[in-house]
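For reference, the structure discussed in these notes is given below.
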Amino acid sequence: MQARGFGFGGQAAAHMRGRDPMRQASLLMTAILVLLSALPGPAEAAKKKSSNSDTSSTRVYRWVDANGVVHYSDQIPPEQAPADRQILNQYGVPIRTEQGALSQTEIEAAKRASDEREAARAAAERDAVLLSTYLSVDEIEALRNRRVELIQGQISLTENYLQTLREKLEKLQQEASAFKPYNSEPDAEPIDAALAQELSDTLDSIALYEKTLLDTRTRQTRLAGEFDAAIARFRELKGR
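Numbering-wise (our numbering), the sequence shown opens with residue 4 and increments by one.
Listed below in structure tokens is the structure:
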């Protein structure tokens, strides 16, 4: 009994054996092309894959509200944002849990805890530097005294220069007193422009150096306080 239907058995095979090799190869190639044409193309396969991906990527949330009612939705209402929720897959099985949004009180508490951790870390770092830099309290005090003396030198220079400026200002004011507007006499002449400018510049310089003197003294006080705190902390660490 001969084979029927598709294939190259029976008479079809015998018929092919009667053909030349080139003809057989051509028929085989045609059959392969027919089979390939039945398969989906790359664009169609990609489109199908994208469609499946879009369907599976849609999130479904499950959460319980304050009244104990269970909800299911693809979106979380704003009023339910603080509630923890489960994310379900396409079969309704929980795959992970998301934490709800923090309340303002929780946010503030978290910030305080973070600030406290950072302060503790910075304090531990300062302690490590203190212990690795100095061997004794005497070393810290010696450095403090040198730094304070250097700043005191700057203060003395500024004070001396201010004294010079004040003496200059006094002479300029005496000279300017003969001219208007510092002299109210009717026949007094207007002050010379150069003298007026020098008087103004001297006043500005005095104001500038007075501020510099104040800032330098503040810096000296702050520096001494920082060293005193370091000495106290060093003693505390060494006494442990």
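We put the CB at the ideal spot given by N, CA and C, even for glycine.
Distance cut-off 6 Å: residue i Cβ against heavy atoms of the ligand COA
| i | result |
| --- | --- |
| Leu206 | Absence of the ligand COA from the depicted structure is noted, as is the absence of any ligand whatsoever, leaving it without description. |
Simplified DSSP assignment, three categories, for residue i
| i | result |
| --- | --- |
| Ile194 | coil |
| Tyr137 | coil |
| Ser53 | Any reading at Ser53 must be qualified, since the residue scores a pLDDT of 44, below 50, and its modelled position is unreliable; no value is offered. |
| Phe230 | helix |
| Gly156 | helix |
Rounded straight-line distance, which links the Cα of residue j to that of residue i
| i | j | result |
| --- | --- | --- |
| Thr161 | Ala122 | 38 Å |
| Pro193 | Gln200 | 13 Å |
| Ser106 | Ala112 | 10 Å |
| Ser89 | Gly95 | Per the sequence presented here, residue 89 reads as Gln, with Ser not at that position. Distance between the alpha carbons of Gln89 and Gly95: 10 Å. |
| Asp190 | Gly156 | 49 Å |
| Phe182 | Thr205 | 18 Å |
| Glu173 | Ala179 | 10 Å |
| Phe102 | Leu226 | Per the sequence shown, the amino acid found at residue 102 is Gln instead of Phe. Using only the alpha carbons, I get a separation of about 48 Å. |
| Asn163 | Val151 | 18 Å |
| Thr215 | Thr167 | 15 Å |
| Pro85 | Arg99 | 17 Å |
| Phe237 | Pro80 | 56 Å |
| His74 | Ala104 | 17 Å |
| Leu138 | Glu239 | 14 Å |
| Asn186 | Gln177 | 11 Å |
| Ser117 | Leu165 | 49 Å |
| Asp65 | Arg124 | Sequence inspection shows Arg at residue 65; the Asp mentioned does not correspond to that position. Each residue's alpha carbon lies about 40 Å from the other. |
| Gln78 | Asp68 | 14 Å |
| Val132 | Lys114 | 27 Å |
| Leu91 | Gly71 | 19 Å |
| Ala196 | Glu188 | 19 Å |
| Arg220 | Glu82 | 57 Å |
Of the residues the options, the one placed nearest residue i, counting alpha carbons only
| i | options | result |
| --- | --- | --- |
| Gln223 | Leu153, Ala145, Glu128 and Ala232 | Leu153 |
| Ala145 | Leu91, Gln93 and Asp231 | Asp231 |
| Glu142 | Ala233, Glu109 and Leu216 | Ala233 |
| Gly242 | Val72, Arg129 and Leu134 | Leu134 |
| Leu175 | Leu198, Asp207, Pro81 and Thr136 | Leu198 |
| Gln93 | Asp130, Thr61 and Ile209 | Thr61 |
| Ile158 | Val63, Trp66, Arg120 and Tyr212 | Tyr212 |
| Ser208 | Ala235, Asp195, Asn148 and Glu170 | Glu170 |
| Ala235 | Asp130, Arg149, Leu91 and Arg220 | Asp130 |
DSSP bridge partner residues for residue i (one or two, in chain order)
| i | result |
| --- | --- |
| Arg62 | For Arg62, which the question treats as bridged, DSSP gives no partner whatsoever. |
| Lys183 | Pro193 |
| Val151 | Answer by DSSP bridge pairing: none, since Val151 is not bridged. |
In chain order, each beta strand (DSSP E) run of at least 3 residues that lies wholly inside the stretch 73 to 144: 73 to 76, 88 to 91 and 97 to 101
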